[in-house]
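Residue numbers (the working numbering): 133 to 471. Where is the CB? At the ideal position from N, CA and C, for every residue including glycine. Keep in mind that this is a model prediction, so the values were computed, not measured. The structure under discussion appears below in the form of structure tokens.
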């Protein structure tokens with residue numbers, strides 16, 4: 133099924149240009165050559181206007197979908213809560229869109245997303261799934277992803293935190309403390325953080341000690357961290373650990389304590405996300421702070437602008453916005469202990 137994106141690629145013009153030409157939108161004029169080329173390519177590719185999608189675009193729905201799944205982390209929960217509040221502040225209604233059981237080509241999800249004025253994606257795979265549905269049924273729905281974009285679809289804008297830079301800053305801080313045996317714990321596919329770790333070990337000539345887990349214990353990062361303690365202590369040379377997130381880190385601290393290992397006297401630990409309770413644990417957790425509230429507010433504002441703005445205004449909006457992370461030094465890190 134041909135979409136205007138397919139036509140735009142072949143005609144080498146923007147998708148919005150194709151849309152205006154095919155809809156003969158008032159207020160815009162294009163050269164006869166460009167218009168003829170677009171119409172010719174559309175005819176050659178067998179393009180048929182999707183009247184259902186056109187109806188959806190023009191009926192001004194006030195519902196915004198926020199994707200979710202069964203294994204949401206606490207950080208994602210906090211972001212979702214902030215997004216929902218921001219959506220309401222603009223007079224729209226947030227609705228959770230559970231993609232846990234989505235299968236490629238599953239038409240039952242069409243009825244869900246077709247009623248949304250826009251969608252906010254919490255995970256990379258959600259972006260792929262929403263874009264797949266939008267392209268298949270030619271639903272011109274603006275999408276905001278809270279991660280680094282992966283589809284290259286022009287309807288998708290990204291509002292992300294610079295996770296790579298934050299991770300590198302944490303790694304280099306441990307080096308300054310004298311640590312040379314630095315391990316990583318976390319889910320193997322967690323936002324590329326395991327890859328950032330491996331890149332830093334290569335850069336600094338340090339042995340790669342990646343303790344990745346394929347599945348979290350009972351879908352719980354804290355319990356996975358507790359269970360990881362025994363594996364970590366089997367390597368007597370490790371003096372510091374970078375964790376996928378604060379939940380893993382706090383679970384690891386608990387597990388190490390059960391084994392008589394003191395943090396940071398014996399092992400330093402850095403988390404990621406700066407969750408509210410990372411400052412309540414003992415020792416207080418050194419972590420990389422992610423600007424979740426700011427990211428949510430900016431993401432929702434950008435989405436509303438895409439929904440309500442004119443085509444010209446939309447083209448002036450940024451395709452990508454990146455926020456800095458901040459290393460927050462507390463009590464779970466210290467000078468490397470000689471081993």
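Residue 156 is classed as exposed because its beta carbon has fewer than 16 other beta carbons within 10 Å across all chains shown. For residue 256, the secondary structure class from DSSP, reduced to helix, strand or coil, is helix. DSSP places residue 206 in the uninterrupted alpha helix (DSSP H) bounded by 206-221.
For residue 258, the closest C-alpha among the options 212, 230, 311 and 325 is that of 230. A check of alpha carbon separations from residue 210 across 362, 278 and 342 identifies 278 as the nearest. Taking the Cα positions, residue 468 is about 8 Å away from residue 400. Per the Cβ contact rule, the region 416-430 is not in contact with the region 258-270 (fewer than 3 Cβ pairs under 8 Å).
In this structure, residue 449 lies away from residue 464, with their beta-carbon atoms at least 9 Å apart. With contacts defined by Cβ atoms closer than 9 Å, residue 194 and residue 249 form a contacting pair.
Selection 423, 307, 176 and 393 evaluated against residue 415 yields 393 as nearest (Cα-Cα). Uninterrupted alpha helix (DSSP H) stretches at least 4 residues long and entirely within the region 311-343 occur at 325-336, given in chain order. With respect to residue 331, residue 318 sits apart: the two C-beta atoms are not nearer than 9 Å. Of the residues assessed, residue 220 falls on the exposed side of the cut-off, its CB having fewer than 16 other CB atoms within 10 angstroms. With distances taken between CA atoms, residue 273 lies nearest to 252 out of 281, 252 and 280. Within the DSSP bridge table, the entry for residue 226 names 196 as partners. Relative to the Cα of residue 289, the nearest Cα in the group 256, 314 and 307 belongs to 256. Looking at the DSSP output, residue 458 bridges to 421.
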